[in-house]
Amino acid sequence: MSSKKIIQIDEKVPMKLLIPLSLQHTFAMFGASVLVPIIFGINPSIVLLMNGISTLLFILITKGKAPAYLGSSFAFIGPASIIIANQGFAYAQGGFVVLGIIGCLLALFIRRVGTAWINIVLPPAAMGAVVALIGLELASNTVQGGSIGANLMTDTAATQDFIVFSITLGVAILGSVLFKGFLSTIPILISIVVGYISAAAFGMVDFTPLTEASLFTMPHFQWAKFDVNAILTMLPVLLVLTSEHIGHQVVTSNVVGHDLIKDPGLHRSLFADNLGTALSGLIGGVPTTTYGENIGVMAITRVYSVRVIAGAAIFSICMAFIGPLAAFISTIPGNVIGGVTFLLYGMIGTSGLRLLVESKVDYGKSKNLILTSIVLVSGLSGLTVNFAGIQLKGMILASVVGIVLSVAFYLFERAGLMNESSED
């Protein structure tokens, strides 16, 4: 049994520990979270503000029982890009708002019907594979260059890129298994600091954003506009978001050792997630979603306190108004971010395998073997299916395939058509 101290969900953390623990989560989410507004061509400040506010609302609505950081969702990029190209970002906002409201209504429906249906549409043999894919499909992003990936699998890759990546990853790995006491709770933060220093030594850090940043900044607010066509273009993403949310809640439950689907309840967490999306879209932000990077940090550090997550949310809000703070974090090179997320995404992937083991999935039964096999292959094969204006691929395609197969197997069992006993 590990001797590393676990900081529980409801545990209070002294201020001298809270700040570095929260900063660790801030660094982990920053690169991906600001990448979405950059893709959409809007100011990241409004997104940082709404990410922080949405996270605090999430903690409030879930009664402080579900540690989760809400960052910018990538699921909307496809349909939102279409709407922005044809009508402008304000109409994409309208789609975000309506979709968030419908998601809230879905959460209220789930409150009435319960969550027993999850084991029908995604039994453990399928859910474990889907959860694993949350991390595994993101793994390639860690080495593909850019602001959130190491410059390894590119035409411009150089020896120093591999050195900085290896230093960052190495410190994260060694720190997780060798550090003791307080240091054992911040290996990710330490690895980022060491990686940043090594990157600076190789001349990889561009300090221009720091010199150009204004001391105080004001997020750009704009009201959403609504159009039926834009809303219909956005609607299919609800399936994506719901699948992603359930997967994240399941993997977080495994990490913290508490069933968040039951307590505080899927209806609360899903409602809070979608409320954040609606509010963010209403005033100029992008949709929110629970973040895998922050789940990975919890898995490595074993610090689950919602107060730490709330601290990260407050830092995010501050960055929306304090220019140099956001500018400094934006200077962290992709080689450093990639080195950290290489480990974080892997931890999420192994959480899916852990779910399969702890659920005691019987692979002597063909239905379980087929479910896990097809879900994994659907997610990792690179297959892309275009449906209703969105691309289904990776974990999302695997979720859809898993749901279809699981429901079919359930109906076959009820009809007595299966050639094996339905008992697990």
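Quick note, the sequence shown lines up with residues 279 to 702 if you use my numbering.
Note that the Cβ used here is the ideal one computed from N, Cα and C, for glycine as well.
Neighbour-count burial assignment, residue i, 16 or more Cβ in a 10 Å radius
i	result
H498	exposed
K341	exposed
F336	buried
L744	Outside the displayed span of the chain (279 to 702) sits residue 744, for which this structure offers no information.
Y474	buried
L621	buried
G460	Sequence inspection shows Phe at residue 460; the Gly mentioned does not correspond to that position. Per the 10 Å Cβ criterion, exposed.
T333	buried
V635	exposed
T486	exposed
D439	buried
K283	exposed
N419	buried
D702	Because D702 carries a pLDDT of 44, less than 50, the predicted location of this residue cannot be relied on, and no value is offered for it.
M625	buried
N697	exposed
M328	buried
M431	exposed
E716	Any answer about residue 716 is impossible in this case: the structure gives the chain only from 279 up to 702.
V653	buried
A693	exposed
M279	Note that M279 scores a pLDDT of 41, beneath 50, so its modelled location is shaky; the value from the coordinates is reported in the next line. Per the 10 Å Cβ criterion, exposed.
A410	buried
E571	buried
Reference residue i, options the options, closest by Cα
i	options	result
R632	Q438, V533, S492	V533
L507	L622, S594, G372, A306	The sequence shown places Asn at residue 507, not Leu. When only C-alpha atoms are compared, the closest one is G372.
L452	L384, T579, G366	T579
Q500	S323, V678, P298	S323
A300	S637, I587, N419	Before going further, note that residue 300 is Ser rather than Ala in the sequence given. It is I587.
L560	L658, Y369, V375	V375
L510	P357, R389, F549	P357
I396	L544, V518, T555, N429	L544
A491	I600, V421, L661, A550	I600
A550	L493, I331, L658	I331
A436	V449, G448, V528, V421	V421
V449	V614, L695, V685	V614
A370	A577, M512, V291, Y569	M512
Y569	L658, P292, A353	A353
S547	A363, G562, A577, T566	T566
M405	A693, M307, L683	L683
G574	I379, S531, L338	S531
L338	S656, A591, G630	A591
S629	V408, L538, F443, I674	V408
Per DSSP, cross-strand counterpart(s) of residue i
i	result
T567	G349
Q422	N429
I285	V581
F494	I600
>> Extract the residue ranges of the beta strand (DSSP E) inside the segment 586 to 673, only unbroken runs of 3 or more that lie entirely within it.
In response: The qualifying runs are 662 to 665, 668 to 671.
> Quick one: any contact between the segment 601 to 621 and the segment 339 to 358, if contact means 3 or more CB pairs under 8 Å?
Replying inline: By the Cβ criterion, the segment 601 to 621 is not in contact with the segment 339 to 358, since fewer than three pairs of Cβ atoms, one from each stretch, lie closer than 8 Å.
> At which residue ranges does the segment 432 to 487 contain complete alpha helix (DSSP H) runs of 4 or more residues, listed in the order of the chain?
Replying inline: With a minimum length of 4 residues, the unbroken runs of alpha helix (DSSP H) contained wholly in the segment 432 to 487 fall at 437 to 456, 465 to 479.
> With contact counted as at least three CB pairs below 8 Å, one residue from each stretch, are the segment 424 to 440 and the segment 610 to 629 in contact?
Replying inline: At 8 Å Cβ cutoff, the stretches touch.
> Within the chosen definition, does the segment 398 to 410 reach the segment 639 to 649 through at least 3 CB pairs nearer than 8 Å?
Replying inline: Contact holds: three or more Cβ-Cβ distances are below 8 Å.
>> Between the segment 567 to 583 and the segment 469 to 488, can you find at least three pairs of beta-carbon atoms closer than 8 Å?
In response: Not touching, per the Cβ criterion.
>> Which runs of the alpha helix (DSSP H) at least 4 residues long sit entirely within the segment 286 to 363? Give them in chain order.
In response: Counting only unbroken stretches of 4 or more residues, the alpha helix (DSSP H) elements lying wholly within the segment 286 to 363 are 293 to 318, 322 to 339, in sequence order.
> What are the complete beta strand (DSSP E) segments, minimum 3 residues, inside the segment 513 to 565?
Replying inline: For the beta strand (DSSP E) assignment, the segment 513 to 565 encloses no uninterrupted run of at least 3 residues.
>> Would you call the segment 305 to 324 in contact with the segment 513 to 529, where contact means no fewer than 3 C-beta pairs closer than 8 Å?
In response: Because the criterion of three Cβ pairs below 8 Å is not met, the segment 305 to 324 and the segment 513 to 529 do not touch.
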